[in-house]
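What follows is a short report on a single structure.
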Amino acid sequence: MTGQGKNNSLPSAVKARRILIKTAAAASSAIFWIAVWAAAAYGAGSSLILPSPAETFGRLLSLLGEGDFWLTTSKSLLRITAGTVAGVAAGVLSAAISCSARPAETLMKPAVTVIRATPVASFIIIAMLWIGRGNLPSFISFLMVFPIIYTNTLTGLREVGEEEKNIAVLFELTPAGKIRYIYSPAVRPYFLAAAKTATGLSWKAGIAAEVLAFSPDSIGRKLSESKNYLETVDLFAWTAVVVILSLVFEILLNRIGRYLSVGGRKIRKIENELKVTENTEGEGGDAS
Amino acid sequence: MTAAVELCGITKQYGGRTVIDGLSQVFEPGLVYRIEGPSGCGKSTLLRIIAGIDSDYSGRVDLHGAVVSMSPQGGGLIPGITAAENVMIAMTRGRGGRTVIRDAAAASFALLRELGIDGGYSMMPSEYSGGMRARVGIARALAREADLYLFDEPFAALDSSGIATVSSVIKARTAGKTVICVVHDSITAHNGSFYGVTLRMTGSPVSGFEMTQCPDGLCPDLREAGISASKG
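This is the structure:
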């Protein structure tokens, strides 16, 4: 009896071709939408109303040369990342506690429901009174991320059936072993889907908080200033920065996702190494 | 391990219905037992009780310190990890660095190959057929250094050649150890080659065993005693 994985045995040429086709499709799609944007800008006839892609990316390039750009971007990045990471950590931890103790879930439920249902703007205004302008984006990002990660991680944890728990008992898995082989695989798809949604939201809400709070050295403040001075090209350029950073976050998450599902790759690697060793020994044996 | 496995007055209920009623039995060390009985009579439940994964029963199970390994019905694989990892957890308990994992992986490949799975060790259980999943479950049970091996319907999803292969691997890998193997009535005809003492669950609810087969010289004491039902 033999078996092969879905993509395990694909020749590298086929893999390369697939990657090429995928990249070409993504590029074509991006080009199409940029063309739509360019046509709309041409139709608008004024960069004050709708700047063209060329104007926007030109301004973006000029921003890259300014020292202020890097300070602003890194501070926003730091604030939002801190809030996101804290939200992920708190969400996973709370889900683990809720999964192991039903009263904890009962306690968490109203809080999570309220956080999810409350408009972001309300939180921004209320929190501005409590924690000031500087830390507000981190707090808002945290609030966006926490309930999504919590709910999805809890759903994933609940997917672990009695049979799997019994296997863990039967083979006396260590706590780390249980996390690695039983709980992580069950939570992984839910967590990754939630993380993608949550990081997208944390960027949107975090920047919105910066705009409303007029946070010092922030992308939100730059957006706000651009609006005030009717610098639409700047507005678009800074928006592009947010979009790019958000995309970078998503790519990083995909990488983390691949790292988390590394089991199959590890086994394949060992399998291939052992095959090579066996072949080498076989050839050595034949030669002697 | 030289001590026997003793069951004393095991009673198990499901939703108010008694499935096993005061079952007592001694499984002598180093022997192979095949437990037969109709579907739903409590065979799997009994194995789960012996394995310690079902603690909702009355009575006493005395393993005398025996290390237990088990292959649940259908393999009982963890769905989110590869076939090889499913086997490896029985060896590493989820611990170990690079070398330990590599050695455990190599051992799991060898075991799976013995059981008739040649390659595809990085596949997920959902990508395997029922027969392959059962073999991986058996490999995992055999991967553990145990004194008592429990197999729940190991042949149910296998054809006759698969039964012969798996049966011979179990025999070789568990030599000198106590083995309790649950087999459904319908499969009995196909695994006549499976060696050992055959016990049939008797009573409704089950309250004892009747010995239906005992190979010559394997268990003279049991043959004389007739392995009668011993309620309470």
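Protein chains in written order, with my numbering: chain S, 3 to 290; chain Y, -17 to 214. Using N, Cα and C, we set each Cβ at its ideal position, and we do this for glycine too. All values reported here derive from a predicted model rather than from experimental measurement.
If you look at residue 162 of chain Y, you'll find it in the beta strand (DSSP E) that goes 160 to 166. Under the 10 Å beta carbon count, residue 275 of chain S is surrounded by fewer than 16 other beta carbons and is classified as exposed. For residue 142 of chain Y, the uninterrupted alpha helix (DSSP H) segment begins and ends at 142 to 155. According to the DSSP assignment, residue 36 of chain Y belongs to no beta strand (DSSP E), since it is labelled neither H nor E. Boundaries of the beta strand (DSSP E) harbouring residue 3 of chain Y: -1 to 9, taken from the DSSP string. Within the segment 11 to 96 of chain S, the complete alpha helix (DSSP H) segments at least 4 residues long are 14 to 46 and 55 to 66, listed from N- to C-terminus. Contact of residue 52 of chain Y with chain S is assigned, a C-beta pair being separated by under 8 Å.
Within the segment 145 to 177 of chain S, the residues whose Cβ lies closer than 7 Å to some Cβ of chain Y are 165, 166, 168, 169, 171, 172, 173, 174, 175 and 176, listed in chain order.
Residue 22 of chain Y has a beta carbon lying at 8 Å or more from every beta carbon in chain S. Using beta-carbon distances, residue 258 of chain S does not count as an interface residue toward chain Y, since no partner is under 8 Å. Separation of the CB atoms of residue 107 of chain Y and residue 165 of chain S is rounded to 12 Å, and the pair is thereby denied contact status at 8 Å. Counting the other Cβ atoms within 10 Å of the Cβ of residue 23 of chain S gives fewer than 16, which makes it exposed. Of Y:26, Y:29 and Y:59, the smallest CA-CA separation from residue 162 of chain S is found for Y:59. Rounded to the nearest angstrom, the gap between the Cα atoms of residue 261 of chain S and residue 141 of chain Y is 39 Å. In this structure, the CA atom of residue 144 of chain Y is about 13 Å from the CA atom of residue 115 of chain Y. Listed in chain order, the non-local C-beta contacts of residue 179 of chain S below 8 Å within the same chain comprise 170, local neighbours out to five positions each way being set aside. Taking 8 Å as the CB threshold, residue 115 of chain Y stays off the interface with chain S. In this structure, the beta-carbon distance from residue 200 of chain S to residue 128 of chain S does not fall below 8 Å. Burial check for residue 183 of chain S: the Cβ neighbour count within 10 Å reaches 16 or more, so the residue is buried.
In this chain, the alpha helix (DSSP H) harbouring residue 156 of chain S covers 122 to 160. Contact between the segment 141 to 155 of chain S and the segment 185 to 203 of chain S is established, with three or more Cβ pairs separated by less than 8 Å.
CA-CA distance, residue 31 of chain Y to residue 43 of chain Y, rounds to 8 Å.
Residue 209 of chain S counts as buried, since at least 16 other C-beta atoms from the protein chains shown sit within 10 angstroms of its C-beta. The beta carbon of residue 195 of chain S sits closer than 8 Å to those of 154, all from its chain and outside the five residues before and after it, given in chain order. Inter-segment contact for the segment 1 to 19 of chain Y and the segment 148 to 163 of chain Y is present: three or more beta-carbon pairs are separated by less than 8 Å.
The Cβ of residue 60 of chain Y sits closer than 8 Å to at least one Cβ of chain S. Put simply, of Y:65, Y:123 and Y:91 the residue whose alpha carbon is nearest the alpha carbon of residue 105 of chain Y is Y:65. For the segment 83 to 103 of chain Y, the beta-carbon criterion of a distance under 7 Å to any beta-carbon of chain S is satisfied by 84, 87, 88, 91, 98, 99, 100, 101, 102 and 103. Taking every protein chain shown into account, the CB of residue 127 of chain Y has fewer than 16 other CB atoms within 10 angstroms, so this residue is exposed.
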